[in-house]
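When you line the sequence shown up against this note's numbering, it's residues 16 to 621, in that order. By construction, the Cβ of each residue, glycine as well, lies at the ideal position given by its N, Cα and C atoms. Report on one structure; see the data block that follows.
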Amino acid sequence: MIPQSFIQDLLNRVDIVDVVGKYVQLKKGGANFMGLCPFHNEKSPSFTVSPTKQFYHCFGCGAHGSAIGFLMEYSGQSYPEAVRELAQSVGMTVPEERDRLPPGQRAEQQARSVALSDVMSRATDFYRRQLRTAPQAIQYLKGRGLTGEIAAQFGLGYAPDDWQGLETVFGSYRDDNIAAPLVEAGLLIESDKRDPDGKPRRYDRFRDRIMFPIRNTKGAVIGFGGRVMGQGEPKYLNSPETPLFSKGTELYGLFEARHAIRETGYVLVVEGYMDVVALAQLGFANAVATLGTACTPVHVQKLLRQTDAVVFSFDGDAAGRRAARRALEACLPHVADNKTIRFLFLPAEHDPDSYVREEGTEAFATQVRNAMPLSRFLLQSVTEELDLRQPEGRARAQYEAKPLLQAMPAGGLRLQIVRELADATGTTPAEIEAICGLRSDPARVGRFEKPRPRARRQAPTGLEQRVIQLLMCYPALSARLDDDARALLLDGEGGMGGESEVLSHLVSACDGLQGEVNFAAFSEQLAQSPYAEVYAGARTAVLKEEIEEEPATHEFDAAITKLLAEPLRRELDMLQAEVVAGTADEAAKQRMRWLVGEIHRRRQLG
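Written as structure tokens, this is what we have:
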């Protein structure tokens, strides 16, 4: 876990205008910078970058965040990856709490990674040059309908039919210093056989294959996929696991597809490299592929960072259904009510490339639109081939559904699936929840449950929302809170039983800040809290206006004064009701007179 203090320091040093400006053409417009939003199509700029708040916001699609958030959104990086890239740009080293490596060893590891990246880059250039002089490889790609433009876009190349082809770039494989990084990068294979002088025999892993560079989210080549042009086996040969490359976490074509994914609003997951490239040639540039492995939860997580909609395409045969089931299981931990995951099953004789060529792009687009929702595929997979007219069939369906439902986070989608499963198996949703272990106390199913005591209110009122906005802009305002205000907001004293948990949390967060912290750094910290959704709404409101510190201070003081008066007004209303009902004694009337005076006094102060 990266310490929050480091994030604050990093965002204080980074200029978001420079970060965003690498990817978006920005023009000065008043206090902010404006440009065309990179996250949706627009003709007039609605994308703003605030150098004061160190934040970006699009008034068209609502995208917003700090420099870290921009890198995550734009390139699909994870939070740690984005932090590391930013830190590297300003010469900082990320002090990860779980990193127990000594500084010297960490520096050595980073240098090794840079060296391997250089090896992969030089190998990519070599394979691309070889393609230009390999007529059989060019003819093969043309036969698949690919143009030179699309081959260049994906960096396609050709590995010559040569056991020592890369020697022309790197030098003799007999030199251990030359061979070591090539072996580590997965480009060479080191044989158990030895030459007479005791040197191990080394030879190229990829020979006589079309080469598909595999890039990470930053565009750097981290591995290769090689495809035979004839009938050889294996049809696809991937780089082995290396310090740069892991098949279970990478997706082919994700770097190339990222803009098309934003434009179309979904990502299409297919089964092979050639499908990805061929679909891009045919107008579906938003396709990616797993690397010869089943889809993993890490793959799904990466995809859902890029878009809210994922469509998996599989063959309609038994093998395709099995692969789809594995993808379903990988998706379940990451489903959400605002995400859509669907499954497309093509006729058994087709892959996506052949289907588009035979039926046309519009027919394939229709297939994508009509793809099966995750909910229907899940229910179908647990009920198919079962006789739901019999108790045994219904019980088996519930048994099959249990691990799938348990893998899903609680939410609206799981609730809807539970209801449909209950209908299909002749039970109630509560009974399904009990059978599948989704309730904390299954024994209470069907019994009367007493209502739980009212929890402390979380949703802030309009006045509290404004205080939240002001504190997010100027956290130092929390120092202006006196003992009465702190008792009210932090301890819930003074009769304010409905105070906002969010405001209480925010005041504590402001108090805990050390030194100057800008808006972006503080927002990033709040985004990790249980109240991230409320803070996101407040942040959006703040970005729509320029709040100067002096007027913000006056507004904050007045708002706190009003908040302090609220419990007094509630008590006064209660006592006035007693007077009207004739149940108020003299002490109550005396208290009421004091409350009227105190409320008036506080109003004068505000």
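Legend entry - Sub-8 Å separation of Ile204 and Tyr218 beta-carbons: Locating residue 204 in the sequence shown gives position 189, counting from the first residue. Locating residue 218 in the sequence shown gives position 203, counting from the first residue. Yes, they are a contact pair.
Inset, instruction - List the DSSP bridge partners of Thr355. - result: Taking the first residue of the sequence shown as 1, we reach residue 355 at position 340. Beta-bridge partners of Thr355 (DSSP): Ala324.
Inset, instruction - Determine which residues share a DSSP beta bridge with Arg481 and list them. - result: Along the sequence shown, read from residue 1 onward, the residue named residue 481 stands at position 466. Arg481 is not bridged to any residue.
Inset, instruction - Name the two residues that bound the continuous beta strand (DSSP E) containing Phe299. - result: Here residue 299 refers to the residue found at position 284 when the sequence shown is read from its first residue. From DSSP, Phe299 is part of no beta strand (DSSP E); its letter is neither H nor E.
Inset, instruction - Can you tell me which of the three DSSP states Arg616 falls into? - result: For the purposes of this step, residue 616 is taken as residue 601 along the sequence shown, with counting starting at 1. The answer is helix: DSSP assigns Arg616 an H, G or I state.
Inset, instruction - Would you tell me roughly how many angstroms separate the C-alpha atoms of Phe299 and Lys157, rounded to the nearest one? - result: Residue mapping note: residue 299 aligns to position 284 of the sequence shown, counting from 1. Residue mapping note: residue 157 aligns to position 142 of the sequence shown, counting from 1. If you draw a straight line from the Cα of Phe299 to the Cα of Lys157, it is about 18 Å long.
Inset, instruction - Report the rounded CA-to-CA distance for Gly612 versus Arg584, giving the unit in angstroms. - result: The sequence position of residue 612 within the sequence shown is 597, counting from 1. The sequence position of residue 584 within the sequence shown is 569, counting from 1. So the alpha carbons of these two residues sit roughly 11 Å apart.
Legend entry - Counterpart residues of Val236 in DSSP-defined beta bridges: For the purposes of this step, residue 236 is taken as residue 221 along the sequence shown, with counting starting at 1. Beta-bridge partners assigned by DSSP to Val236: Arg230.
Inset, instruction - Identify every residue that forms a DSSP beta bridge with Ile4. - result: A question about residue 4 goes unanswered here, because the residues of the chain that appear run from 16 up to 621.
Inset, instruction - Take Asn353 and list the residues in its own chain whose beta-carbon comes closer than 7 Å to its own, dropping the five residues that flank it on each side. - result: Translated into the one-based positions of the sequence shown, residue 353 becomes position 338. Same-chain partners within the cutoff: Asp323.
Legend entry - Candidates Thr305, Glu374 and Glu377, of which the one nearest Ala345 by Cα: Position 330 of the sequence shown, counted from the first residue, corresponds to residue 345. Across the set Thr305, Glu374 and Glu377, the C-alpha of Thr305 shows the shortest separation from the C-alpha of Ala345.
Inset, instruction - Tell me the start and end of each unbroken alpha helix (DSSP H) in the stretch 245-286 that is at least 4 residues and wholly inside, in chain order. - result: Correct list: 269-279.
Inset, instruction - Determine the closest residue to Gln395 out of Arg336, Asp526 and Leu25, with distance taken between C-alpha atoms. - result: For this step, residue 395 is matched to residue 380 along the sequence shown. Closest option to Gln395, Cα to Cα, is Arg336.
Legend entry - Terminal residues of the alpha helix (DSSP H) in which Cys52 lies: The residue given as residue 52 occupies position 37 in the sequence shown. Neither: Cys52 is in no alpha helix (DSSP H) and is coded neither H nor E.
Inset, instruction - Mind checking which residues open and close the beta strand (DSSP E) that includes Thr63? - result: As a first step, residue 63 must be located in the sequence shown, where it is residue number 48. Per DSSP, Thr63 belongs to the beta strand (DSSP E) from Phe62 to Ser65.
Inset, instruction - From the DSSP output, read off the bridge partner residues of Asp219. - result: In the sequence shown, counting from the first residue as 1, residue 219 sits at position 204. In the DSSP output, where bridge partners are listed per residue, Asp219 has Leu203.
Inset, instruction - Report back the beta-carbon spacing between Met135 and Ile237 to the nearest angstrom; my notes put them in contact at under 8 Å. - result: Within the sequence shown, numbered from 1, the residue matching residue 135 stands at position 120. Within the sequence shown, numbered from 1, the residue matching residue 237 stands at position 222. With a Cβ gap of about 6 Å, Met135 and Ile237 count as contacting.
Inset, instruction - Starting from His72, follow its DSSP beta bridges and name the residues at the other end. - result: Residue 72 sits at position 57 when you count from the first residue of the sequence shown. Partner(s): Thr63 and His79.
Inset, instruction - With DSSP collapsed to three states, give me the class of Asp24. - result: For the purposes of this step, residue 24 is taken as residue 9 along the sequence shown, with counting starting at 1. Asp24: helix per DSSP, three-state reduction.
Legend entry - C-alpha gap between Ser523 and Arg501, whole angstroms: On the sequence shown, residue 523 is found 508 positions in, with the first residue counted as 1. On the sequence shown, residue 501 is found 486 positions in, with the first residue counted as 1. Approximately 10 Å between the Cα atoms of the pair.
Inset, instruction - With a threshold of 16 other CB atoms inside 10 Å of the CB of Glu278, please say whether the residue is buried or exposed. - result: Counted from its first residue, the sequence shown places residue 278 at position 263. Using a 10 angstroms sphere on the CB of Glu278, the tally of other CB atoms stays under 16, which defines it as exposed.
Inset, instruction - Would you give the residue range spanned by the beta strand (DSSP E) that Gly452 belongs to? - result: Numbered from its first residue, the sequence shown carries residue 452 at position 437. For Gly452, no beta strand (DSSP E) run applies, since DSSP gives it neither H nor E.
Legend entry - Range covered by the alpha helix (DSSP H) that runs through Lys559: For the purposes of this step, residue 559 is identified with residue 544 of the sequence shown, where counting begins at 1. Note, Lys559: premise wrong, no alpha helix (DSSP H); not H, not E.
Inset, instruction - Jot down the residue ranges of each uninterrupted alpha helix (DSSP H) in the stretch 333-394, minimum 4 residues, whole runs only, in chain order. - result: Annotation: the stretch 333-394 contains the following complete segments of the alpha helix (DSSP H) (minimum length 4 residues), in chain order: 333-346, 367-374 and 376-384.
Inset, instruction - Would you mind reading off the limits of the alpha helix (DSSP H) that contains Gly36? - result: Sequence index remark: in the sequence shown, residue 36 carries index 21 (1-based). Run containing Gly36: Ile31 to Gly36, per the alpha helix (DSSP H) assignment.
Inset, instruction - Write down the C-beta distance between Arg606 and Leu590 rounded to the nearest angstrom, noting that I regard them as a contact closer than 8 Å. - result: Taking the sequence shown and counting its residues from 1, one reaches residue 606 at position 591. Taking the sequence shown and counting its residues from 1, one reaches residue 590 at position 575. Rounded to the nearest angstrom, the Cβ distance from Arg606 to Leu590 is 6 Å, consistent with a contact under 8 Å.
Inset, instruction - Check each candidate in Phe185, Leu558, Glu415 and Asp177 and name the one with the smallest Cα separation from Ala46. - result: Position 31 of the sequence shown holds residue 46. Ranking Phe185, Leu558, Glu415 and Asp177 by Cα distance to Ala46 puts Leu558 first.
Legend entry - Beta-carbon contacts of Lys68 that lie in its chain and below 6 Å, excluding the five residues immediately before and after: For the purposes of this step, residue 68 is taken as residue 53 along the sequence shown, with counting starting at 1. Same-chain partners within the cutoff: Phe534.
Inset, instruction - Return helix, strand or coil for Lys157, following the three-state DSSP convention. - result: For this step, residue 157 is matched to residue 142 along the sequence shown. Looking at Lys157 - three-state DSSP - the assignment turns out to be helix.
Inset, instruction - Please state whether DSSP places Arg471 in a helix, a strand or coil. - result: Locating residue 471 in the sequence shown gives position 456, where the first residue counts as 1. Because Arg471 carries a pLDDT of 46, less than 50, the predicted location of this residue cannot be relied on, and the following value inherits that uncertainty. Under the three-state reduction of DSSP, Arg471 is assigned to coil, being neither helix nor strand.
Legend entry - Reduced DSSP category for Asp600 - H, G, I as helix; E, B as strand; rest coil: Taking the sequence shown and counting its residues from 1, the one referred to as residue 600 is at position 585. DSSP places Asp600 in coil when its eight states are reduced to three.
Inset, instruction - Please report how far the alpha carbon of Leu361 lies from the alpha carbon of Glu479, in whole angstroms. - result: One-based indexing of the sequence shown puts residue 361 at position 346. One-based indexing of the sequence shown puts residue 479 at position 464. If you draw a straight line from the Cα of Leu361 to the Cα of Glu479, it is about 54 Å long.
Inset, instruction - Measure the C-alpha to C-alpha separation of Ile165 and Leu294 and round it to an integer number of angstroms. - result: Translated into positions along the sequence shown, residue 165 becomes position 150. Translated into positions along the sequence shown, residue 294 becomes position 279. If you take the alpha carbons of Ile165 and Leu294, they lie about 10 Å apart.
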